[in-house]
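See below for the structure under consideration.
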Amino acid sequence: MNKKIKDHIKKLEHELLDPEVRKSGKRIGELLADDFFEFAKDGKKYNKKEIIDILPSCPEEIFATSNFDVLEISSNTVLVTYIADRKVIKTEEKSKTLCSSIWQERNGKWQMIFFQGTTAE
C-alpha cells in the first residue's frame, strides 16, 4: 500500500480523536460516511447522526495512539487498527481501547464507514 495513503488515513483517524474536531458536528459529518456505524465499547450500535449528536457533549478527552496499522482491503478500502490511551481532561480518568475502523474512498474523498472500540485492561 502507498505510504502517502497510509499517512493520510492516519491523519484523518487522528483528526477524529482531536478534542476540537470532536466538538464540530460539521467536520465529523465530513469524515464519517452517511452509512457509517459504530459498535461502541458500551455495547451499543450508533449511526452517523447519533455520533454527531453525542460527541460534542462528551467530556473533553485527549488520546495517544500506539500500534497504529493500516491494511489495504481493496483499492479503495482500508482497515485501521490501533490502541487508544484516553484521558478525560477534567477528571484525569484513564482508559485503554482497542480500536478498529474501516475507511473507504468515495468520489475522491476518504471517509470512515465503520468503527469499533473494545475496552482493554
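Quick note on numbering: the working numbering labels position 83 of the sequence shown as 758, and the sequence is numbered without any gaps. We treat Cβ as the ideally placed atom computed from N, Cα and C, and that holds for glycine. Computed from a predicted structure; not experimentally measured.
If you draw a straight line from the Cα of M676 to the Cα of T752, it is about 11 Å long.
D682 and H689 have their C-alpha atoms roughly 11 Å apart. The residue from A708, K686 and F743 with its alpha-carbon nearest to that of N782 is A708.
As a beta-bridge residue in DSSP terms, E713 pairs with Y721 and F790. Under DSSP, A739 takes part in a beta bridge, and its partners are D760.
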